[in-house]
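Listed in order, the protein sequences are those of chains A and B. For the first sequence, full-length UniProt numbering gives the first residue as 1, with consecutive numbering after it. For the second sequence, full-length UniProt numbering gives the first residue as 1, with consecutive numbering after it. Cβ atoms here follow ideal geometry from the backbone N, Cα and C, with glycine treated the same way. Here is the structure we will look at.
2 protein chains.
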Amino acid sequence: MEEFEEFEYQPKSVKEIFIEMKNIVELMVDLAYTAILFGDKEIAEEVLDLEERMDLLNYHLMTHAVLAARNPKEAEQITSVLQMANSIEDISNAAGDLAKMVLEGVELHPVITEAIMESEEVIAKVPVSADSVIVGKTLGELDLATNTGVWIIAVKRGKRWIFAPDKDFKIKPGDILIGRGTHTSVEHLKEIARGIIRVVGDERA
Amino acid sequence: MEEFEEFEYQPKSVKEIFIEMKNIVELMVDLAYTAILFGDKEIAEEVLDLEERMDLLNYHLMTHAVLAARNPKEAEQITSVLQMANSIEDISNAAGDLAKMVLEGVELHPVITEAIMESEEVIAKVPVSADSVIVGKTLGELDLATNTGVWIIAVKRGKRWIFAPDKDFKIKPGDILIGRGTHTSVEHLKEIARGIIRVVGDERA
């Protein structure tokens, strides 16, 4: 999802389409909350781009699916896939609605950002200092989701956003990681990124 | 902010209601996928119970909110809370629809469980053996979300389900934890729960 060319559709199996839809919808919800929290229109735009991608995926899923049913049992199974895809698209639309609030410049009530900051899973900006042990490592090597409990949603590098960075993404000093996790896990990652804590997980990094 | 003082006269503040809605909707989506993955009607019922709770919370939010607006700026801010609450309720309804698929006994296509098992964040059953270092510890002491990257959604103890167990929940041998995390983090927790890995996180547990 880093570059625009990835938005071009490649023929895929029902399963691949379905997995992509599930991954995208989770990213969309995270990004929608992030856009609201930071009042960031660029992130909100990304959510709407992903919503379009979701529509396309759902369309392709349907065309694949209707071709696949060859008997009543298969028809019922295929229908279950379409039902679930519809629910996923409903969630995607809800995330899109949240993003539109940011794009429309609605005056947000302070409880909204407070709620995002104080719920069980929170979203936080984690600036990476030059001293941190994570500098120069890839997200794949670091596996921050396992080693710190923080899921990296996006990274801001200079003026550029990288959404859903992949395992080959290498962290540079000055990067701002956007992560989702518990309060404790986010604070822990912040100390690692500041260079105060010098190990990541069981020193597996 | 004046409206906060107003809210203090109510049993719950708009903020508290809103945080609960956000926490519940995340739990609902996780539980809906869990119910589908394991074909478990009891979990699906819990999702529908939470959907009812969500409706009630949204109703209370609205009654609180409309009382709070006393000028156009406050009205716009309050409207933003209601808009966001509606999006959260849309997600809650989508989770409810997923749960209904399980309750209606729809014949599910195998790609559905495969997709849940193979997406970036997965859901897994983690049985706890008597040898494990986590036995006898509370979820608060263990902080598995931070120390292993696995978010505990529910626990099956004998025939009983405990949904969204809190920090005082003490793990017993034979418990089956239902966790959400990456493949790596879930496998790591499984080894801890099996008694193979003897430390949790940086031995902070």
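| Check | Outcome |
| --- | --- |
| Which of helix, strand or coil DSSP assigns to K167 (chain A) | coil |
| For V102 (chain B), the first and last residue of its enclosing alpha helix (DSSP H) | P72 to L103 |
| Which of helix, strand or coil DSSP assigns to V106 (chain B) | coil |
| Rounded C-alpha distance that separates F4 (chain B) from L142 (chain A) | At F4 (chain B), the pLDDT of 43 sits below 50, so the modelled position is not reliable and the matter cannot be decided from this model. |
| Interface partners of F38 (chain B) on chain A, CB under 7 Å | The premise fails here: F38 (chain B) is roughly 15 Å from chain A at the closest Cβ pair, so nothing lies under 7 Å. |
| Beta-carbon separation (whole angstroms), residue 283 (chain B) vs I192 (chain B), contact threshold 8 Å | Outside the displayed range of chain B (1 to 205) lies residue 283 (chain B), so it cannot be described from this structure. |
| Reduced DSSP secondary structure (H/G/I, E/B, other) of K12 (chain B) | coil |
| N- and C-terminal bounds of the beta strand (DSSP E) containing V155 (chain B) | W151 to R157 |
| Any chain B beta carbon closer than 8 Å to I112 (chain A) | yes |
| Cβ contact (3+ pairs, closer than 8 Å) linking the stretch 92-107 of chain A and the stretch 26-38 of chain A | yes |
| Partner residues on chain B for V14 (chain A), Cβ-Cβ distance less than 7 Å | V111 |
| Collapsed DSSP secondary structure at V133 (chain A) in the structure displayed | coil |
| Below-8 Å beta-carbon distance, N58 (chain A) vs any chain B residue | no |
| Local Cβ density within 10 Å of A65 (chain A), reported as buried at 16 or more and exposed below that | buried |
| For R204 (chain B), the three-state DSSP class (helix, strand or coil) | For R204 (chain B), the pLDDT reaches just 45, beneath the cut-off of 50, and the residue's location in the model is therefore unreliable, leaving the point undetermined. |
| Within chain B, the residues that D90 (chain A) reaches when beta carbons sit closer than 8 Å | D90, I91, N93, A94 and D97 |
| Sub-8 Å separation of A35 (chain A) and V133 (chain A) beta-carbons | no |
| Range of the contiguous alpha helix (DSSP H) that encloses V186 (chain B) | H183 to R194 |
| Chain A within 8 Å of T146 (chain B), Cβ atoms only | yes |
| Closer than 8 Å to chain B by CB, residue 211 (chain A) | Residue 211 (chain A) is absent from the model: chain A starts at 1 and stops at 205. |
| Beta-carbon gap between F169 (chain B) and V155 (chain B) smaller than 8 Å | yes |
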